[in-house]
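Chemist: For the sequence shown, position 596 (counting from the first letter as 1) is numbered 595 according to numbering that gives the first Met the number 0, and the numbering increases by one without interruption. One structure, pasted below without further comment.
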Amino acid sequence: MLSSSIMGKKLQMRQMKYKDDRIKLMNEILSGIKVLKLYAWEKSFEKQISDIREKELKILKKTAYVTAFTGFLWSCVPFVVALIIFTTYVLADDNNILTPDKAFVALSLINIMRFPMSIFPMLISALIMSSVSIKRINAFMNSEELDSSAINSDKSFADPIIVENGSFDWDGTESINPTLHNINMRVKTGALVAVVGSVGTGKSSLISALLGELSKLSGLVNIKGTIAYVPQQAWLQNATLRENILFGKTYDARKYAKIIKHCALEQDLDMLPGGDMTEIGEKGINLSGGQKQRVSLARAVYNDTDIYFLDDPLSAVDSHVGKHIFENVIGPKGTLKNKTRILVTHAVTYLPEVDLILVMNDGTISESGTYQELLAKKGEFAEFLFQYMKERNDDVDSEGIEDLKKQLLEHKEDLPLNLSRELSRQCSSTSEQRLHRTISVESKNSDHKNSSVNNLLKKGKEDKLIQSESLEIGKVNWNVYKYYIKAVGTRVAMMFMLLTALYQVFSVAGNAWLSVWSTDVVTPSNTTNNSSNQTFYLEVYGILGIGQILAKLLSQLSAAAGGVYAARYIQKKMLIRVLHSPMSFFDTTPLGRIMNRFSKDIDTVDNTLPTCLQMVLNFCAMLASTICVITFTTPIFIFVIIPVIILNFSIQRFYVKTARQMQRLESVSKSPVYSHFSESLSGVQTLRAYKVQKAFINQCEKNVDRNLSCFYLAASSNRWVSVRLESLGNLLVFSAAIFAVLAKDMSPGLVGLSLTYALQITTMLFMLVREATNLETNTVSVERIKEYSELNEEAPWELEPKPDPRWPIKGSIEFKDYAVSYRKGLDPVLKGVSFKVKSGEKVGIVGQTGAGKSSLTMALFRILEATRGQITIDDCDISKIGLHDLRSRLTIIPQDPILFSGTLRINLDPFGEQKDDSIWYALELANLKNFVKGLPAGLQHQMSEGGENLSVGQRQLICLARALLRRSKILVLDEATAAVDLETDDVIQQTIRLVFKESTVLTIAHRLNTIMDYDRVLVIDKGLVVEFDSPKNLLSKNTSKFYQLAKDAGIVQ
């Protein structure tokens, strides 16, 4: 027993580790499900989950067999003890005669031990699970925390931000190359400090270090005052837009309206169906990147703190909106003019207006000073401006380039020779060139919006984005039990029931034989030859016991095997169906709700349900055998047992209704716990910066309390039914005893047999009702899993006949009277679109928010399915081929760079189809080769969850490398450069022009400069194609929609 307990503990720890790995990966898959679908990577990640699950099930199987063997040993103990007692008694002395009073009193006492002993293995298992869980929680609670003393808050210092000789690192260990080193900075009260530098030089890390998120290795850091933080990737709550801006603060209408105006959110609020009371969804799913960033900035401004850390908030907005925000919020005349501000930026046109510039290079501040001072130094900053002017000559807008040139001309005598020459060269450009070679500009209304969710909202308040979780009412449907039995395996289930019944047959036969044995030896005719019969009776009793033991062992093993079969089948079916679900399901279902199924409900199926089912069948067989024995020995007892059983099950039915619904409520109330906790973890840096941890902890505790209240009520109702069942059981024992006494012609052996079984009936009735209730309440988990195993599926991944392996060869695309809506009953977002893109053509797609730009690309990948018309690629109707055959032949670089934990190689090539040489070449083209070579593990470098151990720019370059590896004939850029700095944008645009020059390229334009040299521009308005011509022709018509967009963005005058 000791060895099995030790083994069980080790197995439990290993199983929990695999469970953690599975849940972590599942969480990542659900967070990046759109990327998986666009890249047709579901099978690869399904295999990864299945591989982990198989390891988990292997441990679960071993645990089940160990538990089954332990349970078998304990269940055999009563019989073995009885056999030893009777054998010892009758063989020790010939005068020892086994009479009914001795045999059945001993048997009754042994049976009293039977129930505790049958429960004992489960107790040991529960103790092992508790021990492992406590150990894991203890290890977590004792793990290293952020050093709160690393950041001083000494108010005696004159300046609000001081760093002296600071060295910082993410992992907190002394290293030769810390993330940041030799950091020295002093920021005066009310100063605006800009932090500039290339991708991966440590700009965001510097902000994190000042927030205390990096471990301080050495130096002094003092921050005096309250802090607001705007992260590079905006973090939003699943709440209304107003609640996200207020962030727990009291609503002040005048202040709020002013901030909305200054953060350029007025037009966005007009467009949202519920204004600022619109529910924005999980992770702000129905807002564009630019909208999310402006809401994040508005939250910071509304908090009215002393210090503002702004991590590149202008990168995701267009130039004129960025200028509006800088002038009205961040700049020297903005709302925050008297606040201390640290601004990470790549917008060089704003640099002359800041008080101090910090130039980051290789994790340190290489230069610092005012704009004029840095130009005069003719160092790295001046070189940075030279590269910017040279590379951006074709990419800057007329307004921005002219501002920059004016600023530089004022200091021409201080400029390095190369920068002065470049400035002179550009100033000689013609006005026509300046018109067509403009700064990277986002069209006025080009914020990408998840139109699917936007359209879901358009039905108004009655059609909420996130629907309440469905809650079944009434008893669990028999189909759910059939579903579980099917998962167990019909043969295994039948074998278990047969063996359980056989066990009871042997058990009853053994006790009946004991009755015959004890009655026979007290008969006068047999007193002389008693010794000769004792051995015979003992042998038969032993044989019946061995049959009992074997039946029990086989039934335990079959139950263990069936539980593992069910666990594998149920989880795999749900996983496959969820991965096959359309994107609309993920848009409207919180991640925590899905994760609840894959964690708590799967855990119930793995560990709890098999035990419940086994115990219910055992107690059913025991109760049936008990009633049969008592009724056979005391027929009149049937007149008592029938009404009592009816009353018993009436109580049970009344109780089950409550217990079952409480279990459903407990399961549903657990989803908000997962969702809120996951949401809090993803925004933990923001929460700590605003010092609102307490409020979020309180909310988490409220969610947990709500969940535990359901659990408490379920436990209370369990006690309620226990009292009543105990009383009914005692009534049956009393009745059996009275009838046995009144039956004078009844043999002593039968009386003993009847009373022995009667004494067990209380426990049996109680345990049967309790376990039947537990079975039904835990079957709710199967019910919830079955619901997700029957979700509506998108089209098949593969269809026969498959397209030519080289398809598409040309890359021509044609939309023919194509219409699509996001779900049945909603207005179409594309209304009979018809146009043709020639092979190798470069087409820009522009239009206002909600016009249907992204709907067009989602239709191309069949994320959306047509309601009318068709799309053909190389004259092949894409609706006639499988989704994976389609999506694997197209390539998209999405707006949000999504990476997964695992190696860098897996993130680039999850199917392992590419050779290392191909991967290195793609990295070289993406300007990442030197960076990856500098990593200790190279391609095997481990990525953290979401790729958080890389900068946003590096993540986007990895997404570019993915596209380069596929080398598709059709490339879609869905605002791929919307949230990256200008340098990364340069790399992406140049590489695309080089590598995909023979491919068809569709670009949803965030910055209009990226499509100025394209062959044609497609202008969409209200789901219709309104213009489709070359940029030059469209700009030549001042009545064109494209001309108006360019004018609004400041490209044309």
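For each residue, glycine too, the CB sits at the ideal point set by N, CA and C. Predicted model, so just to flag it, every value in this text is computed and none were measured.
Can you check which of these residues, V615, Q692, Y817, is closest to N777 by C-alpha distance?
Modeler: Counting from one through the sequence shown, the residue named residue 777 turns up at place 778. Here the closest residue by C-alpha is V615.
Chemist: Return yes when the Cβ of V828 is within less than 8 Å of the Cβ of G1022, no when it is not.
Modeler: Residue 1022 sits at position 1023 when you count from the first residue of the sequence shown. Residue 828 sits at position 829 when you count from the first residue of the sequence shown. Yes.
Chemist: So what does DSSP say about Q869, is it helix, strand or coil?
Modeler: Here residue 869 refers to the residue found at position 870 of the sequence shown. Q869 falls in the strand class under three-state DSSP.
Chemist: If you run the structure through DSSP and keep just helix, strand and coil, what is K257?
Modeler: Within the sequence shown, residue 257 is the residue found at index 258, counting from 1. Helix at K257.
Chemist: For F103, I'd like the list of residues in its chain whose CB is within less than 6 Å of its CB, leaving aside the five on either flank, ordered along the chain.
Modeler: Mapped onto the sequence shown, residue 103 falls at position 104. Only G751, T755 meet the Cβ criterion.
Chemist: When you compare the segment 188 to 205 with the segment 949 to 966, are there three or more beta-carbon pairs, one atom per stretch, that lie closer than 8 Å?
Modeler: Because the criterion of three Cβ pairs below 8 Å is met, the segment 188 to 205 and the segment 949 to 966 touch.
Chemist: Given 8 Å as the limit, is there contact between the segment 623 to 634 and the segment 590 to 597, that is, 3 or more CB pairs closer than that?
Modeler: No contact exists between the segment 623 to 634 and the segment 590 to 597.
Chemist: From Q503 to L106, what does the alpha carbon distance come to, in whole angstroms?
Modeler: Residue 503 sits at position 504 when you count from the first residue of the sequence shown. Residue 106 sits at position 107 when you count from the first residue of the sequence shown. Each residue's Cα considered, the two are about 16 Å apart.
Chemist: Return the residue from the list S788, S295, Q14, L898 that minimises the CA-CA distance to Y689.
Modeler: Position 690 of the sequence shown, counting from 1, holds the residue named residue 689. Here the closest residue by C-alpha is S295.
Chemist: Provide the residue span of the beta strand (DSSP E) that contains A208, from first to last.
Modeler: The sequence position of residue 208 within the sequence shown is 209, counting from 1. First-last for A208: 202 to 210, but that is the alpha helix (DSSP H), not the beta strand (DSSP E).
Chemist: Using the beta-carbon count (16 or more within 10 Å), is G247 buried or exposed?
Modeler: Translated into positions along the sequence shown, residue 247 becomes position 248. It counts as exposed.
Chemist: Using DSSP's beta-bridge definition, name the partner residues of E143.
Modeler: Start at 1 with the first residue of the sequence shown, and residue 143 comes out as number 144. Per DSSP, none; premise fails for E143.
Chemist: Would you call the segment 558 to 576 and the segment 472 to 489 touching, i.e. three or more CB-CB distances under 8 Å?
Modeler: Yes, since at least three Cβ pairs between the segment 558 to 576 and the segment 472 to 489 fall closer than 8 Å, the two stretches touch.
Chemist: Any idea which residues DSSP pairs D1028 with across the strands?
Modeler: Locating residue 1028 in the sequence shown gives position 1029, counting from the first residue. Note: D1028 sits in a beta bridge opposite V1016.
Chemist: Buried or exposed: where does D586 fall if 16 or more other Cβ atoms within 10 Å of its Cβ makes it buried?
Modeler: Taking the sequence shown and counting its residues from 1, one reaches residue 586 at position 587. Buried: at least 16 other Cβ atoms inside 10 Å.
Chemist: Who are the near neighbours of I22 in its chain, counting only those whose CB is closer than 8 Å to its CB and skipping five residues on each side?
Modeler: Here the question's residue 22 lines up with position 23 in the sequence shown. These residues qualify, in order along the chain: M594, F597, S598.
Chemist: How many Å lie between Y920 and T990 at the Cα?
Modeler: As a first step, residue 920 is located in the sequence shown; it is residue number 921 there, counting from the start. As a first step, residue 990 is located in the sequence shown; it is residue number 991 there, counting from the start. Spanning the two alpha carbons is a distance of roughly 12 Å.
Chemist: With which residues is S217 paired in a DSSP beta bridge?
Modeler: In the sequence shown, the residue the question calls residue 217 occupies position 218. Per DSSP, S166.
Chemist: Note the first and the last residue of the continuous alpha helix (DSSP H) segment covering N176.
Modeler: Residue numbering aside, residue 176 sits at position 177 when the sequence shown is read from its first letter. Unbroken run through N176: none, as it is neither H nor E.
Chemist: Suppose the cutoff is 7 Å on Cβ atoms and the five residues either side in sequence are ignored; what does the same chain contact list for S708 look like?
Modeler: Position 709 of the sequence shown holds residue 708. Excluding positions up to five away in sequence, the list is empty.
Chemist: For T87, does the count of other Cβ atoms within 10 angstroms reach 16, so buried, or fall short, so exposed?
Modeler: Position 88 of the sequence shown, counted from the start, is the residue given in the question as residue 87. So T87 ends up on the exposed side.
Chemist: Taking S820 as part of the alpha helix (DSSP H), name the residues at either end of that continuous run.
Modeler: Your numbering for residue 820 matches position 821 in the sequence shown. No alpha helix (DSSP H) contains S820, which DSSP labels as neither H nor E.
Chemist: Does the structure place the segment 604 to 620 close enough to the segment 677 to 697 that three or more beta carbon pairs sit under 8 Å?
Modeler: Cβ pair count under 8 Å is below three, so no.
Chemist: Assuming K841 contacts Y1013 (C-beta within less than 8 Å), just tell me the rounded distance between them.
Modeler: Position 842 of the sequence shown holds residue 841. Position 1014 of the sequence shown holds residue 1013. Going by Cβ atoms, the distance from K841 to Y1013 rounds to 4 Å, so yes, they are a contact pair.
Chemist: Check for me: the beta strand (DSSP E) holding V1055 runs from which residue to which?
Modeler: Here the chain has residues from 0 to 1052 only, and residue 1055 is not among them.
Chemist: In chain order, what residues of the same chain lie with their CB nearer than 8 Å to the CB of D1020, ignoring the 5 residues before and after it?
Modeler: Within the sequence shown, the letter at position 1021 stands for residue 1020. These residues qualify, in order along the chain: G846, Q847, A850, K1040.
Chemist: Is it buried or exposed, L1033, if we count other Cβ atoms within 10 angstroms and call 16 or more buried?
Modeler: For this step, residue 1033 is matched to residue 1034 along the sequence shown. Buried.
Chemist: Any idea if N449 is buried or exposed, counting beta-carbon neighbours within 10 angstroms, 16 or more meaning buried?
Modeler: Numbered from its first residue, the sequence shown carries residue 449 at position 450. Residue placement at N449 is poorly supported in this model, since its pLDDT is 42, which falls under 50; the coordinates are not used for a value here.
Chemist: If you pair each beta-carbon of the segment 755 to 766 with each one of the segment 719 to 736, do three or more pairs fall below 8 Å?
Modeler: These segments touch.
Chemist: Where does L934 fall in DSSP's three states?
Modeler: To locate residue 934, count along the sequence shown from 1; it is residue 935. Three-state DSSP puts L934 in coil, outside helix and strand.
Chemist: Shortest alpha-carbon distance to I150 belongs to which of K809, T225, S203?
Modeler: Translated into positions along the sequence shown, residue 150 becomes position 151. Nearest C-alpha to I150: T225.
Chemist: Put V194 into one of helix, strand or coil per three-state DSSP.
Modeler: By one-based count along the sequence shown, residue 194 stands at place 195. Residue state, collapsed to three classes: strand.
Chemist: Roughly how many whole angstroms lie between the Cα atoms of R805 and I32?
Modeler: One-based indexing of the sequence shown puts residue 805 at position 806. One-based indexing of the sequence shown puts residue 32 at position 33. Computed Cα separation, rounded: 27 Å.
Chemist: Closer than 7 Å by C-beta to N302: which residues in its own chain qualify, once you throw out the five before and the five after it? Chain order, please.
Modeler: For the purposes of this step, residue 302 is taken as the residue at position 303 of the sequence shown. These residues qualify, in order along the chain: A227, F246, K248, Y689.
Chemist: Need the endpoints of the alpha helix (DSSP H) that Y228 sits in, please.
Modeler: Within the sequence shown, residue 228 is the residue found at index 229, counting from 1. Careful: Y228 lies outside any alpha helix (DSSP H), inside the beta strand (DSSP E) at 226 to 229.
Chemist: Locate the alpha helix (DSSP H) running through L855, then write down its first and last residues.
Modeler: The residue labelled residue 855 in the question sits at position 856 within the sequence shown. Note, L855: alpha helix (DSSP H), 852 to 859.
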